[in-house]
Each structure stands twice: as structure tokens, then as C-alpha cells.
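Under UniProt numbering, the residues of the sequence shown are numbered 1 to 641, in order.
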Amino acid sequence: MMILQVNQLSKSFGADTILTNIKLEVRSRDRIAIVGRNGAGKSTLLKIIAGKLSYEKGDIIKPKDLTMGYLDQHSGLDSKLTLKEELLSVFDFLKKMEKEMRTIEEKMAQAGPDMLESLMKTYDRLQQEFKDKGGYQYEAEVRSVMHGLGFAGFDDSVRVQDLSGGQKTRLALGKMLLTKPDLLILDEPTNHLDIDTLTWLEQYLQNYSGAILIVSHDRYFLDKVVTQVYEISRSQSKKYTGNYSSYLQLKAEQLEKETKLYEKQQDEIAKLQEFVDRNLARASTTKRAQSRRKQLERMEIMDKPLGDEKSASFRFEITRQSGNDVLRVEDLTVSYQEQPPLLRSLNFRITRGESVALVGPNGIGKSTLLKALIQKLQPVSGTIATGSHVSIGYYDQEQAELTSSKRVLDELWDDYPEMNEKDIRTCLGNFLFSGEDVLKPVHALSGGEKARLALAKLMLQKANFLILDEPTNHLDLDSKEVLENALIDYPGTILFVSHDRYFINRIATKVLELSRDKAEEYLGDYDYYTEKKAQQLELKELEKQTEEHQKNASEKPGAKKSYEEEKELKRKERQRQRRIEEIETRITDIEEQIEKNEELLCDPAVFQDHEKVQEIHSENERLNEELEQLLTEWETLSTNE
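Right under this line is the structure:
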């Protein structure tokens, strides 16, 4: 069923046209993403649909009884209520109904036969309505949302006004989810969410009973949730069916098809025009030439496909290569501003060429650890050692240093005075600062512009070890892709914090999961990390069930297992055997690769090439580390027989 239509909508701010002839249709249970560059008008369109902004032309058609919930990317709650009270306030109407039911119950206890029948009818109707509207499960829903959005560990006395800005936005999201409007309009709902909370939100939205309209730069999130994509480009909209990855593929195929049709038509026009020019003046061919000219005049000329708008273009280079050991952290304890230690006794190592994703829940201390590594924060204890010729380039998610009143041009030029103005302008142009843009004051830039300027400064450093704190924040989808490609081609070493799982998947060769007292390594990308975590949980569950079973068996000698217990144990055993086989296959592959590498080191053409020898040694070190982890897991699984 159609619940909302946007027809021929246009919006301008002064002389600047933001949206032109926008068309959009929403049906019940649709999951729609609106994508486009920063400044394309995505948030403006959401505000217009939500009734927060006016528009010049067009129509928005929707039923009178349509309920809409709108979450701005800067939304936040501010009240003196506790967190739970604030969320429960969504169900005040149910509390009122419940109170009314209690009152009727009291009246029924004292009513005579004539009055009792009328009261019972009213009570039955009210009770049914109470049940239909979720009166018997709303408290469980509140607990579920609090847990899913990371508020489960908060004290019951914590008030909304005491939360941070990000926490208030999260709570606003939770309150809106509980209202369950027919159309949920979300502008950047994944901001301020850690990976666990993102996973919960994806599952919640997949099962949501209404329709959803989303603006988000989180591609992994969009792939999981949406089934349609509307792209806003050059102030107009275009619809694609499928998730975000499907949209990219369809868009590329469509552009290729349109380009071929355009080129074919241009060839045809050129041939017809050439015939007309050659033959119009000749008596014997004039009629044919006139016929061709009429054909040209009747032809509907295709516009040249515009393709993508201009993208940023850059790559990270290094001045010189570092040694094989880039960073070694031993028994590190870190605290923030004289508070109790956030992280204790951390140990990990990063070698040249690795790209390491640092993950963990919000508040665990990821950004704090990075600040300690770059010596912006003094550790409580432990050692941080960098290897030979290591030069660090640091990207701050807050862009705290980009608040000056300098012009964009001078912000870069003052750091690199030896460069001429033309080269500085060229560099800025690669990051989409052109013309008058380079004369803007830095403090007046948008979040996305500041992010691009910070990346320009980082690029010019030519450091061989990049430490990046949420580098994709504030970047639009296209800029994220450009950054990913630049980092994939980067010849140095990377340590980064990111909640962007798509980004982690493309960049990471190793995931470092941070907890209060350890940093656990997973050799692979984000999908590998989640797969391993799931396997570990399965193993723990299996061990727990085995212990309980053994305990029950010892308490009840001779007692037989039920059919379901036997079935479950067999399933777990099959899983364990499959994993053992996978590990044994991988161990064989690793040992063979190590052996091949050792043979290469005996080759005169190789051992005389110092850089090649170093690469082989590095690869063998990584393979040996993985081999050690696999052997440990194999022993654990084998001893559970």
C-alpha cells in the first residue's frame, strides 16, 4: 500500500537550487536509502517530508492518519527524567488505560447485577484494546531497546540531562523506535553507535513493522537494511532497486549502457549530417539529402551521460621505508585525566605492511590508546616502542586542530612553506577545494570539508605509519571509497579505529579487539573476526553444556539422555570435527608456504635482494603467528573429545 508520494518537488536556498523535480514513492514496509554527496540535499529532503522545512514546488501526498517519526542527525533529548522513565513515557497512554481498568475492577467488585453487565462490557473492550496496543509487553520492549542501544549497564538513577551528546542522540533513537510510527525517517542513525549496537539496530530495523526512509554513510548498514536506493545527484533523484551494493552495480551498468547508446547515436548523426552536407547541392541526390535532413530534425537527441560528479583524488606516499618492527606495546596501562585506568597490561605488536583495525565497544578506550601511542597522553605504566625509521602520521576524529581563523590555503601552506602556491592549490584541488573554496576560513568549513583538509595535511606528511581515529567520519560515500583505495595502495603500515565495518573489511589485514585488560588478535578482515567470535561463543556454549551434562550425569547415575540432548550433543560434535578438519587443512597450507619461503631464501637471486629477503621474513613471521594460534585452538578442540 502506498503511504507517501513526492511529486516534482523543488527546493532552493536563495539563488542556490538544492532539489529539482524530485520523485519518491514509499509503500508500507519499504526500506529506502537516500544517498548522494555531502551537500546534495539528502537531509533537506528528509526535513521537507517530515514537515520541518517548506518547499517551492511539487506535492507531498500522504494519508491524513499517517504517523511519522523523524530523527535528525543532531537530535537529542534533554529532561530531568531517568533513562527508563523517559522511554516509558512513550507508553503513557497505556498506563492511563491500565489505571482506568483498575478503576473499573474496583467498581465491578461493588456493583449490582444491572451495573455489572455494563461495566464488564466496557472492561472487556478496554482490556482487548490494551492487549492489541502492546499493554502486556511494553516494559519488556523498553528493556530490549535499552539493552540493544547500550544502556543496560546504566544505574537506574541516571538522568537524561546527565548524558553526553552522543548518548542523548542514542536515547532519542530508542524513544522513536518505541513509538513505532508508520514511517520512520532516520538521518544518520548510525552516528555514535559502536559495532555491537549497530548489529542490534540492523536486526531491529529488518523486523520493523512500518516503512523506513534512511540517510546513512554506513554502507555495511545499508546493505543489511535497505531494499531500494534513491540517489540525489545534480539536484535530481534516480531510483535503483536493491541494497547499496546492488545500487553501485546497477548504476555502473546503466552508465555503460547509456554511454554506448549515446555514442552510437552520435555516430549515426555524424553520418547523416555528412551525407546531407555532401549531397544537398547535387540535383541527382537532393531529395535523398532532404530526406536525411528531415530524419535528423525528427530525431530525439540524447543528452550526453554525465556520469559521476567530480571526486577527490589522492594517494598516500612515504619518504622512506620503516624497519620490520613498527610498534611494540608491552604491559601498557593507560588512564585519562587522572581517572582510574581504562586499559591495563596491554601487549601487542605491529609489523611493517600490516593494516590493523582496533575495535571494541564505545568507551573502552580506543581513542585514548591512540593518543598514548602518539605521546599526546602519558601512560601510567608499560612501554611503547617504535621501530627504526618509523615516522607517524596521525588523523584525529575530532579534527581538534582545525579550528583556526586561517584561510584553507594558509592552513596547508603554513605547514609546508617550501611548496609553491600552485602546488598547494593543486593539492587542495585534489581534495575538492577549488576556486574561492581555498580562501574560506577553516573554522567555517563543514565536517566533511574539515575531514578532507585533515587528509590533505596527512598526505603531505608522507609518513610510513598512519594512525587513524575514525577517518571515515563526516565523509560521504564517494570520498570514503577514494580514501579506501588510497589506503589499499599505501606502501606503509596502518593502525586505525573505525566503526565502519565495510571500511574495516576492505582495509584490515588484522583485527585487534580491545578489552579492559587485553588486546586479542584476529588475523583477517572484519567478516573473519565476526566468524571467529561466533565460533568462540559456540565453543564456550559447548563446553558449558558438556560440563552441565557431566554434572547431571554424576548426580543421576545411570540416567539416560533425552532424545533432544543426544541430538544437540551430536550436532555440536559435528561442528567440532568440522572445525578441526578446517584447522588441519589450514595448518598444512601454512607449513607448505613456510617451506616454499625457506627454499626461496636459498635462491642466490633472492638472498642477494635485501628487500625481498625482508619481505619473506615478514611473511614467515605472520604465518608462524597464525600457525601458533591455530595449533592452540586445535589442542583445545582435541582435548574436548
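By construction, the Cβ of each residue, glycine as well, lies at the ideal position given by its N, Cα and C atoms.
Since the structure is predicted, the reported quantities are computational estimates derived from the model, not experimental observations.
Whole angstroms is fine: what's the gap from residue i's alpha carbon to residue j's?
| i | j | result |
| --- | --- | --- |
| T386 | S322 | 10 Å |
| I616 | D603 | 12 Å |
| V215 | V226 | 11 Å |
| G363 | E541 | 27 Å |
| G558 | A534 | Below a pLDDT of 50, predicted positions are generally treated as unreliable, and G558, at 47, falls in that range; the measurement from the model is reported next regardless. Using only the alpha carbons, I get a separation of about 34 Å. |
| G524 | N7 | 47 Å |
| F91 | C427 | 55 Å |
| L296 | R234 | 29 Å |
| L346 | F496 | 17 Å |
| E354 | S391 | 15 Å |
| residue 646 | I48 | What the structure shows of the chain is the stretch from 1 to 641, and residue 646 is not part of that stretch, so it cannot be assessed. |
| K57 | R37 | 23 Å |
| Q273 | I488 | 48 Å |
| N485 | L512 | 22 Å |
| Y502 | P361 | 17 Å |
| D469 | F151 | 24 Å |
| K251 | Y240 | 8 Å |
| E626 | V26 | 49 Å |
| A454 | E253 | 34 Å |
| E543 | E633 | 14 Å |
For residue i, does the count of other Cβ atoms within 10 angstroms reach 16, so buried, or fall short, so exposed?
| i | result |
| --- | --- |
| N21 | exposed |
| V35 | buried |
| R352 | buried |
| K11 | buried |
| S498 | buried |
| M176 | buried |
| T179 | exposed |
| L402 | buried |
| D396 | buried |
| K257 | exposed |
| I301 | exposed |
| K121 | exposed |
| F221 | buried |
| G69 | buried |
Does the distance from the C-beta atom of residue i to that of residue j stay below 9 Å?
| i | j | result |
| --- | --- | --- |
| Q228 | R31 | yes |
| K224 | Q236 | no |
| Y336 | L327 | no |
| Y526 | L466 | no |
| L514 | G382 | no |
| N420 | T319 | no |
| D415 | K371 | no |
| A357 | I507 | yes |
| S638 | I580 | yes |
| L409 | I424 | yes |
| L71 | A172 | yes |
| L630 | I590 | yes |
| L77 | K168 | yes |
| E592 | N620 | no |
| L439 | A312 | no |
According to DSSP, simplified to helix, strand and coil, what is residue i?
| i | result |
| --- | --- |
| D187 | strand |
| G558 | Interpretation of G558 is limited by its pLDDT of 47, a score under 50 that renders its predicted location unreliable; no figure is taken from the coordinates. |
| F13 | strand |
| N21 | strand |
| M302 | coil |
| G153 | coil |
| A211 | strand |
| V482 | helix |
| E520 | strand |
| A50 | coil |
| E418 | coil |
| N324 | coil |
| P604 | helix |
| N362 | coil |
| T639 | coil |
| Q629 | helix |
| L163 | coil |
| F496 | strand |
Subject >> Touching by the beta-carbon criterion (3+ pairs, under 8 Å), the region 56 to 66 and the region 77 to 93 >> reply: no
Original post:
Do three or more CB pairs link the region 93 to 111 to the region 142 to 150 at distances below 8 Å?
Top reply: no
**OP:** Examine the Cβ distances between the region 182 to 192 and the region 122 to 137 and report whether three or more of them are shorter than 8 Å.
**Re:** no
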